[in-house]
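Notes to accompany the following structure.
Residue numbers (this note's numbering), protein chains in the order written: chain B, 1 to 301; chain R, 1 to 309.
So, in structure tokens, the structure goes:
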């Protein structure tokens, strides 16, 4: 997306048909609604605090945008908190959002790596063995219709009782969440070579390993990256939810939980923004890797 | 009956008998090395049984069932045989026992979470997403603006709004339904918009030559064409809704609900009750998915993916 924006000539026509202006409009509209909503939701408390003294509308708006513990913090309050906890605090401090983001990120990445490995292995098995295709694939699909995240507290507590704490339980939850799109995508991808190509390999007397490495695997790479983009996003969700039952020690999920315990709404929103930034960055990294790999493999952009 | 099916069924019967005998053995008392050799040979039998069945068109449908039952059997035998503590992993029989003895509690939890929070939230979220997609359908400007935003939001860890919703709407089911609405809105919006753009120019031109109005084109051409996408969103959202409601319950509930049950019973190390609740949630999730898939089949019977090969 970003590369396309760079390559395309920027002109009046681009502004008219491109995405920039509409997205800007929608974003501004969301911000405006947010500010209005902050006034709307915070006003009862603010008026309550005036204690029957006369007040003006201007005063009301100003006060509802600068409350200590607002029902809905105004965007600039969240930005301020974000700035304070990300850029003004040393990253080793427990008050730093970067520190918490790193805790979550490490669990996300470990879970993502494990999930990718498991997903690819399952897909290879399913494509090559009829029995796995028949027996396993329905259960892989069924496993997604059940709310996996519900077992997160159990996984964390049970693994904690056998001495596994910290990174591993969270990344196991991430792994469980993200292997599915990868398995499904890879099964599709490994089966995507058409019969003609497969028969061509056959006429060349290719071994199954050769068919796999020279035909099936390259054909599956685009599918793999499409799945990876989905998987990294839900891997992050898994890590965040996995942090909630551990008693709010560290991580984005813990920030959410402690914020909700102490009514620190600004902290919750800042953590949410951090989570969103992380999701955006992770997907951007995967997309960049996708472009790089596909170009290296000779795909035409 | 083909040879494969016959051999497969025969092996399955053998497997069933073997499993029955080993289950009796393992529950009767401690087992030795010979017992695990029997289990190992049963594993081989199970493999061949499934392999034979998978080669047959009718038998292939039995394979997933057999595989699931086999996993349950292994779980039971290993947990009981190696005397794994119940706080780590209860055997399926203990979970079944917990379901039977806590039926009333499980029903109350189910009603609180599924009937009161998930279903209304899912309906409202999907409905709002659908209506919004129809509203922005006539404005390409808004579509170009909202779609990237919607795609971005769909990838965000949106579950994090759960504590905020609990603060706004209180501990009861309203806050859970609100989380579900937010989680289901964007997938529906994005999918419906994508679905509405599925018709080709030649089809739209045909409607134009019939002098069909915008609404007529929408109802008789574009909405039916969008149905596969809409059902895709409905199915994704069914799972998302359940997850949203359960996780929101971790942030505070009245003392009922499946998410509440899971988090408190984990704290008290009553793992069999936790597994029983998870079993109920899994059942609710897969049944609603299956129901939606069934309705989808009826509504989009024309779609190429349902054609007989």
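Note that beta-carbon positions come from the ideal geometry of N, C-alpha and C, so glycine has one too.
CB contact check: residue i to chain R, cutoff 9 Å
i: residue 287 of chain B; result: no
i: residue 268 of chain B; result: yes
i: residue 65 of chain B; result: no
i: residue 279 of chain B; result: yes
i: residue 75 of chain B; result: no
i: residue 31 of chain B; result: no
i: residue 251 of chain B; result: no
i: residue 244 of chain B; result: yes
i: residue 208 of chain B; result: no
i: residue 26 of chain B; result: yes
i: residue 6 of chain B; result: For residue 6 of chain B, the predicted structure reports a pLDDT of 39, less than 50, and the residue's modelled location is therefore unreliable. A value from the coordinates is still provided. For residue 6 of chain B, the answer is no, since every Cβ of chain R falls outside 9 Å of its Cβ.
i: residue 139 of chain B; result: yes
i: residue 144 of chain B; result: yes
i: residue 115 of chain B; result: no
i: residue 103 of chain B; result: no
i: residue 97 of chain B; result: no
i: residue 194 of chain B; result: no
i: residue 154 of chain B; result: yes
i: residue 43 of chain B; result: no
i: residue 165 of chain B; result: no
i: residue 92 of chain B; result: no
i: residue 265 of chain B; result: yes
i: residue 47 of chain B; result: no
i: residue 22 of chain B; result: yes
i: residue 15 of chain B; result: Model confidence at residue 15 of chain B stands at a pLDDT of 46, short of 50, so the residue's coordinates are unreliable; what they give is reported in the following sentence. It does not: the Cβ of residue 15 of chain B has no partner Cβ on chain R nearer than 9 Å.
i: residue 283 of chain B; result: yes
CB-CB length for residue i against residue j, believed under 8 Å
i: residue 252 of chain B; j: residue 243 of chain B; result: 7 Å
i: residue 61 of chain B; j: residue 78 of chain B; result: Between residue 78 of chain B and residue 61 of chain B the Cβ distance is about 17 Å, and since that is not below 8 Å, they are no contact.
i: residue 37 of chain R; j: residue 50 of chain R; result: Not a contact, Cβ separation roughly 21 Å.
i: residue 167 of chain R; j: residue 260 of chain B; result: 7 Å
i: residue 123 of chain B; j: residue 187 of chain B; result: 5 Å
i: residue 237 of chain R; j: residue 184 of chain R; result: 4 Å
i: residue 103 of chain B; j: residue 250 of chain B; result: 5 Å
Contact check, residue i vs residue j, beta carbons under 9 Å
i: residue 294 of chain B; j: residue 223 of chain B; result: no
i: residue 242 of chain R; j: residue 134 of chain R; result: no
i: residue 87 of chain R; j: residue 177 of chain R; result: no
i: residue 43 of chain R; j: residue 8 of chain R; result: no
i: residue 253 of chain R; j: residue 244 of chain R; result: no
i: residue 29 of chain B; j: residue 156 of chain R; result: no
i: residue 256 of chain B; j: residue 272 of chain B; result: yes
i: residue 240 of chain R; j: residue 180 of chain R; result: yes
i: residue 193 of chain B; j: residue 219 of chain B; result: yes
i: residue 113 of chain R; j: residue 292 of chain R; result: no
i: residue 112 of chain B; j: residue 97 of chain B; result: no
i: residue 186 of chain R; j: residue 158 of chain R; result: yes
i: residue 236 of chain B; j: residue 275 of chain B; result: yes
i: residue 36 of chain B; j: residue 265 of chain B; result: no
Contact with chain B by residue i, beta-carbon distance below 9 Å
i: residue 168 of chain R; result: yes
i: residue 262 of chain R; result: yes
i: residue 228 of chain R; result: no
i: residue 43 of chain R; result: no
i: residue 247 of chain R; result: yes
i: residue 137 of chain R; result: no
i: residue 257 of chain R; result: no
i: residue 189 of chain R; result: no
i: residue 128 of chain R; result: no
i: residue 134 of chain R; result: no
i: residue 89 of chain R; result: yes
i: residue 205 of chain R; result: no
i: residue 285 of chain R; result: yes
i: residue 251 of chain R; result: yes
heavy atom of the ligand COA below 8 Å from residue i C-beta
i: residue 189 of chain R; result: By its list of ligands, the structure shown contains no ligand whatsoever, and the ligand COA lies outside what it can speak to.
Inset, instruction - Kindly provide the ranges of any beta strand (DSSP E) runs that are 3 or more residues long and lie completely inside the segment 106 to 148 of chain B, ordered along the chain. - result: none
Inset, instruction - Count the CB pairs spanning the segment 137 to 153 of chain R and the segment 262 to 273 of chain R that are closer than 8 Å, and state whether there are at least three. - result: no
Legend entry - Complete runs of the beta strand (DSSP E) confined to the segment 6 to 64 of chain R [at least 3 residues]: none
Inset, instruction - Note down, one range per segment and in chain order, each beta strand (DSSP E) of at least 3 residues found wholly within the segment 190 to 242 of chain B. - result: none
Legend entry - Segment contact flag, the segment 173 to 183 of chain B with the segment 107 to 118 of chain B, C-beta cutoff 8 Å, min 3 pairs: yes
Legend entry - Any 3 or more C-beta pairs closer than 8 Å across the segment 52 to 72 of chain B and the segment 180 to 194 of chain R: no
Legend entry - Segment contact, 8 Å Cβ cut-off, at least three pairs: the segment 74 to 81 of chain R with the segment 215 to 232 of chain R: no
Inset, instruction - Evaluate the contact criterion for the segment 269 to 280 of chain R versus the segment 130 to 144 of chain B: three or more CB pairs, one atom per stretch, below 8 Å. - result: no
Inset, instruction - Tell me, please, whether the segment 18 to 29 of chain B touches the segment 137 to 145 of chain R by the rule of three or more beta-carbon pairs shorter than 8 Å. - result: yes
Legend entry - Entirely enclosed beta strand (DSSP E) segments - the segment 52 to 126 of chain R, minimum 3 residues: none
Legend entry - Three CB pairs or more closer than 8 Å across the segment 167 to 177 of chain B and the segment 271 to 286 of chain R: no
Inset, instruction - Pick out the complete alpha helix (DSSP H) segments inside the segment 155 to 237 of chain R, 4 residues or longer, and give them in chain order. - result: 162 to 169, 173 to 196, 201 to 209, 214 to 217
Legend entry - Start-end ranges of the alpha helix (DSSP H) lying completely within the segment 17 to 50 of chain B, minimum 4 residues: 20 to 50
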